[in-house]
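Asks: Structure below; questions to follow.
Number of protein chains: 2
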Amino acid sequence: MIPKAVDTKTRILDAAEKLFGKNGFDATSLRDITAEASVNLAAVNYHFQSKDSLIDAVIARRVEPVNQRRLEMLEAAGENPTLEQLLIAFLQPLMQHDFSVVYPLMARVLATPDTFVTHLLKRHLGLIIERFGEAFGKALPEFTETQIRWKMHFTAGAMAHVLSRAYMLPELMPDTKFDCQTALAELVTFAAAGFRAKEGI
Amino acid sequence: MIPKAVDTKTRILDAAEKLFGKNGFDATSLRDITAEASVNLAAVNYHFQSKDSLIDAVIARRVEPVNQRRLEMLEAAGENPTLEQLLIAFLQPLMQHDFSVVYPLMARVLATPDTFVTHLLKRHLGLIIERFGEAFGKALPEFTETQIRWKMHFTAGAMAHVLSRAYMLPELMPDTKFDCQTALAELVTFAAAGFRAKEGI
DNA sequence: GTCTATAGGTTGATAGAC
DNA sequence: GTCTATCAACCTATAGAC
Chain W
1 MIPKAVDTKT RILDAAEKLF GKNGFDATSL RDITAEASVN LAAVNYHFQS KDSLIDAVIA
61 RRVEPVNQRR LEMLEAAGEN PTLEQLLIAF LQPLMQHDFS VVYPLMARVL ATPDTFVTHL
121 LKRHLGLIIE RFGEAFGKAL PEFTETQIRW KMHFTAGAMA HVLSRAYMLP ELMPDTKFDC
181 QTALAELVTF AAAGFRAKEG I
Chain F
202 MIPKAVDTKT RILDAAEKLF GKNGFDATSL RDITAEASVN LAAVNYHFQS KDSLIDAVIA
262 RRVEPVNQRR LEMLEAAGEN PTLEQLLIAF LQPLMQHDFS VVYPLMARVL ATPDTFVTHL
322 LKRHLGLIIE RFGEAFGKAL PEFTETQIRW KMHFTAGAMA HVLSRAYMLP ELMPDTKFDC
382 QTALAELVTF AAAGFRAKEG I
C-alpha cells in the first residue's frame with residue numbers, strides 16, 4: 001500500500017509504477033492501481049486522461065533523470081573518454097538503483113516490444129543513442145558505425161536482461177549475494193572486451 | 202489469416218503463436234486467436250483446456266526443437282570444444298530462424314518476467330543452462346562458476362534483445378541490410394571476447 | 001469435433017452530485 | 001478534487017444441440 005502522506009497524483013504514480021513493473025502494463029487494471037493507491041477510480045481519469053497517458057507519465061518520471069545523469073557523466077568524462085568511462089556513463093545511472101521499485105518498471109519498458117511502449121522508448125532514448133553512438137565511435141575509430149551499433153545493442157540487451165531477471169539471479173548464482181556494484185563491474189568488463197573485439201569467426 | 206489446409210488444432214497454434222508474438226500474451230484474447238485461425242471460439246477450450254495451457258503448448262512446440270538442436274551441437278563439438286563452438290551451439294539454433302514468426306514469440310517468452318512464463322522458461326531451460334554452464338566452465342577454467350553464470354546471463358540478454366528488437370534493427374543501422382548470419386557472427390565475436398575478459402575495472 | 005448461446009465477471013471511461 | 005453509479009464493451013469458460 002502507498003502511504004497517504006503524499007498527494008493523490010503521486011500516489012497513483014507510485015502505485016502504477018509498482019504494479020506495472022510487477023505484472024506488466026496489460027495485466028494491470030486501473031482498478032488494481034486505485035486499490036493499491038487507496039484512491040478513487042475516477043481520480044485516474046481526472047489527473048491523467050487515459051491509461052496510456054498514465055503509462056507515459058510513469059515512465060517519463062524515471063527515465064528522464066536517468067538520461068540526464070547519463071549525459072552529465074558523458075560530459076564529465078571530457079574530450080577523449082576511455083571505453084570504460086563511456087560504458088559506466090551509460091550503464092551506471094540505471095543500474096545504481098539497486099532493489100528499488102524502479103528496476104522492474106525499467107525492465108518492463110525495455111522488454112516490451114509493443115508499439116506504444118516502443119514509441120515512448122524511442123522518444124526518450126533517441127538523443128542518448130545518438131550521443132553515445134558518436135562517443136563510442138570516436139573511442140573506437142577502427143570500427144564501422146554499424147559495428148558500433150551492434151555492440152551498443154548487445155550491451156543494452158545484457159543490461160536489460162540483468163534488470164528484468166534480477167529476481168532470479170540469486171537462484172542462478174547460489175554462492176553469491178547479488179548486488180548492483182558487482183553486476184555493473186562484471187558487465188563493464190564483459191562489454192568492454194566485446195567492444196574491442198575484432199571480427200574473426 | 203491461417204490457411205484452412207491444416208487441422209483446427211494446428212491452426213489455433215499457428216494463430217496463437219503469431220498473435221502472442223505480435224501483441225503479447227495478455228493483450229491477445231482467445232477471440233483474436235479464433236478469428237485469425239478462422240475457427241470457432243469453443244474449439245480452443247476443446248483442444249486445449251485453458252488459455253494458460255495454450256500458451257504452454259505454443260511455447261513448447263518451438264522451444265523443444267531448439268533445445269534439442271543445442272544439445273546435438275554441443276555433443277557434436279566433442280570433448281574439448283572451443284569457446285566459439287559453444288557460443289554457436291547455444292545461439293545458432295535460435296538465431297537461425299531469421300524473419301519467421303518464431304522470432305517475436307521467443308522474444309516475448311524471454312522478455313516476459315511474469316511468474317507463469319518464467320516458470321515455463323525454467324522448465325524448458327533448466328537442462329540447457331546446466332549443460333552449457335559445465336561446458337563453458339571447462340573451456341574457461343580460470344573463472345569461478347559465478348563469473349561463468351554472469352557471462353552466460355549477459356550473452357543470453359544480448360541474444361534476447363536482438364530477437365525482441367529485430368524489427369527496429371534496420372532503423373538503427375541504416376546502411377546495412379539486417380540478416381541473422383551477420384547478427385550471429387557479430388554476437389559470437391562480442392560474447393567470446395566478453396567471456397575471456399578478466400576483471401580489471 | 002464443431003457449433004450457438006450464454007453465463008458470470010472484468011475492463012476503460014464518463015456523467016453528474018457534492 | 002473527490003465521490004458514486006453506471007455504460008458499453010470486452011473477456012474466459014462452459015453447457016448443450018447437432
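So the protein lines, in turn, are chains W and F. Mapping to this note's numbering: the first sequence position 197 is 197, numbers consecutive. Start counting at 1 in the second sequence, then tack on 201, and there's your number in this note's numbering. Think of the CB as a built atom: it goes at the ideal place given N, C-alpha and C, for glycine as much as any other residue.
Any beta-carbon of chain F closer than 8 Å to the one on Thr189/W?
Replies: So, interface residue.
Asks: Among Gln382/F, Val389/F, Leu321/F, which residue has its Cα nearest to the Cα of Ile260/F?
Replies: The shortest C-alpha separation from Ile260/F is found at Leu321/F.
Asks: By the three-class DSSP mapping on this structure, what secondary structure does Lys399/F have?
Replies: In the structure shown, Lys399/F sits in coil (DSSP, three-state: anything other than H, G, I, E or B).
Asks: Report the rounded CA-to-CA distance for Ala10/W versus Leu71/W, giving the unit in angstroms.
Replies: It is Thr, not Ala, that sits at residue 10/W in the sequence shown. Distance between the alpha carbons of Thr10/W and Leu71/W: 27 Å.
Asks: Considering Cα atoms alone, identify which of Met152/W, Arg62/W, Ala156/W, Arg123/W is closest to Gly21/W.
Replies: Considering only alpha carbons, the answer is Arg62/W.
Asks: Starting from Pro294/F, trace the alpha helix (DSSP H) in both directions and tell me its first and last residue.
Replies: Start and end: 284-296.
Asks: Is there a Cβ of chain W sitting closer than 8 Å to that of Ala394/F, yes or no?
Replies: Chain W, which has a Cβ nearer than 8 Å to the Cβ of Ala394/F, makes this yes.
Asks: Any C-beta of chain F sitting closer than 8 Å to the C-beta of Ile201/W?
Replies: With a pLDDT of 44 at Ile201/W, under the threshold of 50, the modelled position of that residue is not reliable, and the figure given next carries that caveat. Yes, Ile201/W lies at the interface with chain F (some Cβ there is under 8 Å from its Cβ).
Asks: Identify each residue in the region 159-183 of chain W for which the Cβ-Cβ distance to at least one residue of chain F is less than 8 Å, and report them in chain order.
Replies: The region 159-183 of chain W vs chain F, Cβ under 8 Å: Met159, Ala160, His161, Val162, Ser164, Arg165, Tyr167, Met168, Leu169, Leu172, Met173, Asp175, Thr176, Ala183.
Asks: Could you give the first and the last residue of the continuous alpha helix (DSSP H) run that contains Thr313/F?
Replies: That residue, Thr313/F, is in no alpha helix (DSSP H); it is neither H nor E in DSSP.
Asks: Please list the residues of the region 145-156 of chain W that have a C-beta atom closer than 9 Å to any C-beta atom in chain F, keeping them in chain order.
Replies: Against chain F - using a Cβ distance shorter than 9 Å - the residues of the region 145-156 of chain W are Glu145, Thr146, Gln147, Arg149, Trp150, Lys151, Met152, His153, Phe154, Thr155, Ala156.
Asks: Nearest-angstrom Cα distance between Gly358/F and Phe344/F?
Replies: Their backbone Cα atoms lie some 20 Å apart in a straight line.
Asks: Should Ala14/W be labelled buried (16 or more other beta-carbon atoms within 10 Å of its own) or exposed?
Replies: Note that residue 14/W is Asp in the sequence shown here, rather than Ala. Burial call: buried.
Asks: According to the Cβ coordinates, are Ala185/W and Glu400/F closer than 8 Å?
Replies: Their beta carbons are under 8 Å apart, which means Ala185/W touches Glu400/F by this criterion.
Asks: Do the region 371-385 of chain F and the region 129-147 of chain W touch if we need at least three Cβ pairs shorter than 8 Å?
Replies: The answer is yes - the region 129-147 of chain W touches the region 371-385 of chain F, with three or more Cβ pairs under 8 Å.
Asks: Per DSSP, what kind of secondary structure is Gly334/F in: helix, strand or coil?
Replies: It is helical.
Asks: If contact means a Cβ-Cβ distance below 9 Å, which residues of the region 305-318 of chain F contact chain W?
Replies: Per Cβ criterion, the list reads Pro305, Ala308, Arg309, Leu311, Ala312, Thr313, Pro314, Asp315.
Asks: Candidates Phe291/F, Ala258/F, Gln286/F, Pro282/F: which alpha carbon is nearest Gln269/F's?
Replies: Closest option to Gln269/F, Cα to Cα, is Phe291/F.
Asks: In chain order, what residues of the same chain lie with their CB nearer than 8 Å to the CB of Glu265/F, ignoring the 5 residues before and after it?
Replies: Correct list, in chain order: His325.
Asks: Taking Cβ positions, are Leu287/F and Phe337/F nearer each other than 8 Å?
Replies: Yes, they are a contact pair.
Asks: Going by C-alpha distance, which of Leu284/F, Arg232/F, Ala367/F is nearest Ala243/F?
Replies: Checked all of Leu284/F, Arg232/F, Ala367/F; the closest Cα to Ala243/F is Arg232/F.
Asks: At what residues does the alpha helix (DSSP H) containing Gly222/F begin and finish?
Replies: Counting along the chain, the alpha helix (DSSP H) containing Gly222/F begins and ends at 209-224.
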